[in-house]
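Step one of this worksheet: look at the structure below.
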Amino acid sequence: MSTGYEEDFFTWTQEQATYLRQGRLDLLDLEHLAEEVGDMGKSETLGLGSSARRGTAAS
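So, in structure tokens, the structure goes:
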């Protein structure tokens with residue numbers, strides 16, 4: 013049984029990772045998984061841009 017995305021986010025992430033590792037694509041919560049991966053990319057991009065600006069300003 014899968015844990016709901018909005019019920020217990022941490023458990024949901026662990027289950028999704030397990031399903032990916034096992035190749036159980038039929039069990040993935042594709043809508044929320046795609047949203048989370050997209051948001052992670054945006055966060056990383058914003059964080060790196062911010063770090064780069066600070067590094068340039070310090071030089």
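Numbered per this note's numbering, the sequence shown spans residues 13 to 71. For each residue, glycine too, the CB sits at the ideal point set by N, CA and C. From a predicted model like this one, the values you see are computed outputs, not experimental measurements.
- Residue burial annotation: E43 is exposed, with fewer than 16 other C-beta atoms found within 10 angstroms of its C-beta.
- Listed in chain order, the non-local C-beta contacts of L40 below 8 Å within the same chain comprise Q28, Y31, L32, local neighbours out to five positions each way being set aside.
- In this structure, the alpha-carbon of Q26 lies about 16 Å from that of M52.
- Shown here for L45: same chain residues with a beta carbon closer than 6 Å to its own, the five before and five after excluded, namely Q28 in chain order.
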